[in-house]
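Q: Submitted below is the structure of interest, expressed as structure tokens.
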Amino acid sequence: QKEVEQNSGPLSVPEGAIASLNCTYSDRGSQSFFWYRQYSGKSPELIMSIYSNGDKEDGRFTAQLNKASQYVSLLIRDSQPSDSATYLCAVKRTSYDKVIFGPGTSLSVIP
Amino acid sequence: EPEVTQTPSHQVTQMGQEVILRCVPISNHLYFYWYRQILGQKVEFLVSFYNNEISEKSEIFDDQFSVERPDGSNFTLKIRSTKLEDSAMYFCASEEVGAGYTFGSGTRLTVV
């Protein structure tokens, strides 16, 4: 069974701080990696995708990938209360494969 | 921005009844998916659909489930005889190849 693991949290950070979210995956054949944000009762929303080792930045978000360690992370700089949500790490093996989701990490940004 | 549309937003049904959940994927996407999320649990894959046929299905997607794309735009999930444990949020998603999913807003299915 291919697994994606995340700390369930809750992770609490003060407003303006950096939030760091981590994810590990078991399938070494995974090629595509995603971070989704899910507000309570809502559908997941894609916020970052990363396909090669290293960092990828988009605004306040930075995704980091280390395939050798089977590790993906998401950094949120200058955290805002509106960032309070569950963050889902997701992986897929090939472009044509399904996405497998982790259980999510709940983030709470304290004003 | 293009979006995936799901109807209804909430469906209440009696155990043993059939339900059909409807989705309109983004028009130029080729891959379509159904996922479900039981309250408090993770998002689980049900089925993927490409070129008018199922490309993969999970263990959850047993004989009581079926999908079809009857008219080239709608993408439906049918549950033939609902059980209490089918109560969940059901999400439809579509994808340009490898770009990540766009999810619909979901249908909350409550089986009583």
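For the protein sequence lines, the chains are A and B, in the order given. Using my numbering, read the first sequence as starting at 1 and increasing by one per residue. Using my numbering, read the second sequence as starting at 1 and increasing by one per residue. Cβ coordinates follow ideal geometry from the N, Cα and C atoms, glycine included.
1) Contact between the stretch 73-88 of chain B and the stretch 19-32 of chain B is defined here as three or more beta-carbon pairs at a separation below 8 Å; is this criterion met?
2) Are the CB atoms of GLU15(A) and ILE110(A) within a distance shorter than 8 Å?
3) For SER12(A), count the other beta carbons within 10 Å of its own beta carbon; 16 or more makes it buried, fewer makes it exposed. Which is it?
4) Check each candidate in ASN66(A), LEU74(A), ARG93(A), TYR87(A) and name the one with the smallest Cα separation from GLY59(A).
5) Under the three-state reduction of DSSP, which class applies to SER43(A): helix, strand or coil?
6) According to a CB-to-CB cut-off of less than 9 Å, which residues of the stretch 95-108 of chain B neighbour chain A?
7) Quick test of the definition: if touching needs 3 or more C-beta pairs under 8 Å, does the stretch 81-94 of chain B touch the stretch 30-40 of chain B?
8) Compute the beta-carbon to beta-carbon distance between SER9(B) and SER81(B), rounded to the nearest angstrom, for a pair I have assumed lies under 8 Å.
9) Specify the secondary structure class of SER73(A) as computed by DSSP and reduced to three states.
10) Using only alpha-carbon positions, find the residue among ARG93(A), SER79(A), PRO103(A), GLY102(A) that is nearest to ALA99(B).
11) Could you tell me whether the stretch 82-89 of chain A touches the stretch 22-36 of chain A, using the rule of 3 or more Cβ pairs below 8 Å?
12) Which residues of chain A have a Cβ atom closer than 8 Å to the Cβ of GLU59(B), listed in chain order?
13) Which residue's Cα is closest to the Cα of LYS56(A): ALA68(A), PRO44(A), VAL72(A), LYS42(A)?
14) Is VAL4(B) near PHE103(B), with beta carbons less than 8 Å apart?
15) So is PRO44(A) in contact with chain B if we call contact Cβ pairs under 8 Å?
16) For ARG108(B), collect the residues of the same chain with a Cβ closer than 6 Å to its Cβ; drop the 5 residues on either side in sequence, then sort them by chain order.
17) Does GLU85(B) come out as helix, strand or coil in the three-state DSSP assignment?
A: Looking at the coordinates:
1) yes
2) yes
3) Per the 10 Å Cβ criterion, exposed.
4) Between GLY59(A) and the set ASN66(A), LEU74(A), ARG93(A), TYR87(A), the nearest pair of CA atoms involves LEU74(A).
5) coil
6) GLU95, VAL97, GLY98, ALA99, GLY100, TYR101, THR102, PHE103, GLY104, SER105, GLY106, ARG108
7) Judged by Cβ distances under 8 Å, the stretch 81-94 of chain B makes contact with the stretch 30-40 of chain B, as three or more pairs qualify.
8) Their Cβ separation, rounded to whole angstroms, is 23 Å, which puts SER9(B) and SER81(B) out of contact at 8 Å.
9) strand
10) Looking at the Cα atoms, ARG93(A) is the closest of the given residues.
11) yes
12) Those do not exist, as GLU59(B) stays about 10 Å from chain A at its closest Cβ, beyond 8 Å.
13) VAL72(A)
14) yes
15) yes
16) HIS10, MET89
17) helix
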